[in-house]
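Asker:
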Ligand SMILES: [Fe+2]
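Numbering (my numbering), first residue to last: 308 to 602.
1. Do residue 430 and ligand 1 come close, with the Cβ less than 7 Å from some heavy atom?
2. Using a Cβ distance threshold of 8 Å, determine whether the segment 504 to 518 contacts the segment 537 to 547, with at least three qualifying pairs required.
3. I'd like the list of long-range same chain contacts for residue 532, defined as Cβ closer than 6 Å, with 5 residues on each side in sequence excluded.
4. Please confirm if the segment 418 to 428 is in contact with the segment 569 to 583, defined as three or more CB-CB distances below 8 Å between the two stretches.
5. In whole angstroms, give me the CA-to-CA distance for residue 386 and residue 412.
6. Is it true that the CB of residue 383 sits closer than 8 Å to the CB of residue 432?
7. Leaving out five residues on either side along the sequence, give the residues of the same chain with a beta carbon under 8 Å from the beta carbon of residue 554.
8. Pick from 456, 396, 430, 454: whose alpha carbon is nearest that of residue 468?
9. Tell me, to the nearest whole angstrom, how far the beta carbon of residue 410 is from that of residue 443; I am working on the premise that it is less than 8 Å.
10. Which ranges does the alpha helix (DSSP H) cover as unbroken runs of at least 4 residues, wholly within the segment 523 to 595, from first to last along the chain?
11. Report yes or no: is there a C-beta of chain B within less than 8 Å of the C-beta of residue 456?
12. Using only the alpha-carbon positions, how far apart do residue 608 and residue 418 sit?
13. Which class does residue 410 belong to by DSSP, given the choice of helix, strand or coil?
14. By Cβ distance, which residues of its chain are closer than 7 Å to residue 561, with the 5 residues on each side in sequence left out?
15. Figure out for me which residue from 392, 414, 438, 572 has the closest Cα to the Cα of residue 402.
16. In the structure shown, what three-state DSSP assignment does residue 501 receive?
17. How big is the Cα-Cα spacing for residue 593 and residue 456?
18. Would DSSP call residue 443 helix, strand or coil?
19. May I ask you to report which of helix, strand or coil DSSP gives residue 374?
20. Shorter than 7 Å, the distance from the beta carbon of residue 482 to the closest heavy atom of ligand 1, or not?
21. Answer yes or no: do residue 539 and residue 528 have a C-beta to C-beta separation smaller than 8 Å?
Right under this line is the structure:
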């Protein structure tokens, strides 16, 4: 019986094997918890917690409780990851309309939410991170510094977000927006790609300083270099799909299998309508989704 991460209510996913080390990180005796290279960074970014204890424990500790939740208006996926032992948890891409649902679930599961993390400044919905800060005291909002948005904590490429014995590695993956990041679980078994890479698609690049060429290189260099069996969890899906893998997208994604030149041509000719909520969502998300943002 495996004791790895799974998606309750969706499907069981066995913990996959140890993958390649995250660039800039070293791996601790093959158990899959990378530590930031001391030459690069010796201390966690102020506000981000250091890993508990002196290192990874037995494999039985590698049991976060990832859960994929859906917000139907913007077709957004929110992910809850927690450490069974310490009960520390984080949410990726919470949505304002479903923040109360997510807070309730966190409480029901006996978890302690440390962070409400955003993959980027969304244009199609207002982030739930502002509301979660008030619903769950102790929770901090997090987004990349390059997003330009206000938050309690700002991330740079290579930063680790620790929760219990686990960590999410921050990989800058700009192109959809300049501040987009992908979060990779420390054993490289799953990646939360935001809008950089969707299932058989990708985020648009025609607003918010998007750049198709930059997105192409981000996906190929930061996501497609992960192990083929690494699970891909996007920020959205409009067709009811829930998960993919690096190998699937590397070989089947109709856009990202093109040459860079062809990809740019396709992205420049999508002619999509403006997202309905963009004029409300972007200004609100620049304030972390709250009227009284953190300083
Ligand atoms: Fe987006």
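Here a beta-carbon is modelled for each residue, glycine too, at the ideal position from N, C-alpha and C.
Answerer: Considering the structure as presented:
1. If you number the chain shown from 1, residue 430 lands on position 123. The answer is yes for residue 430.
2. yes
3. Residue 532 sits at position 225 when you count from the first residue of the chain shown. Once the five neighbours on either side are set aside, residue 532 has no close Cβ partner at all.
4. no
5. Numbered from its first residue, the chain shown carries residue 386 at position 79. Numbered from its first residue, the chain shown carries residue 412 at position 105. Going by the C-alpha atoms only, they are around 12 Å apart.
6. Looking up residue 432 in the chain shown gives position 125. Looking up residue 383 in the chain shown gives position 76. Contact flag set, yes.
7. Indexing the chain shown from 1 puts residue 554 at position 247. The residues are 535, 536.
8. Sequence index remark: in the chain shown, residue 468 carries index 161 (1-based). Of the listed residues, the one whose Cα sits closest to residue 468 is 396.
9. Mapped onto the chain shown, residue 410 falls at position 103. Mapped onto the chain shown, residue 443 falls at position 136. Correct: roughly 5 Å between the Cβ atoms.
10. 553 to 559, 567 to 575, 585 to 593
11. This model lacks chain B altogether; it includes just one protein chain.
12. In the structure displayed, the chain extends from 308 to 602; residue 608 sits before or after that span and is not available.
13. Counting from 1 along the chain shown, the entry for residue 410 is found at position 103. Looking at residue 410 - three-state DSSP - the assignment turns out to be helix.
14. The sequence position of residue 561 within the chain shown is 254, counting from 1. Around residue 561: 507.
15. What you label residue 402 is simply residue 95 of the chain shown in a count that begins at 1. Residue 402 has its Cα closest to that of 438, out of 392, 414, 438, 572.
16. Position 194 of the chain shown holds residue 501. DSSP places residue 501 in strand when its eight states are reduced to three.
17. Reading the chain shown from its first residue, position 286 is the one you call residue 593. Reading the chain shown from its first residue, position 149 is the one you call residue 456. Cα to Cα, residue 593 sits roughly 4 Å from residue 456.
18. Looking up residue 443 in the chain shown gives position 136. The answer is coil: DSSP assigns residue 443 none of H, G, I, E or B.
19. Working through the chain shown from its first residue, we reach residue 374 at position 67. Reduced to three states, the DSSP call for residue 374 is strand.
20. Within the chain shown, residue 482 is the residue found at index 175, counting from 1. Outside the cutoff, so no.
21. Within the chain shown, numbered from 1, the residue matching residue 539 stands at position 232. Within the chain shown, numbered from 1, the residue matching residue 528 stands at position 221. No, these two residues do not count as a Cβ contact at 8 Å.
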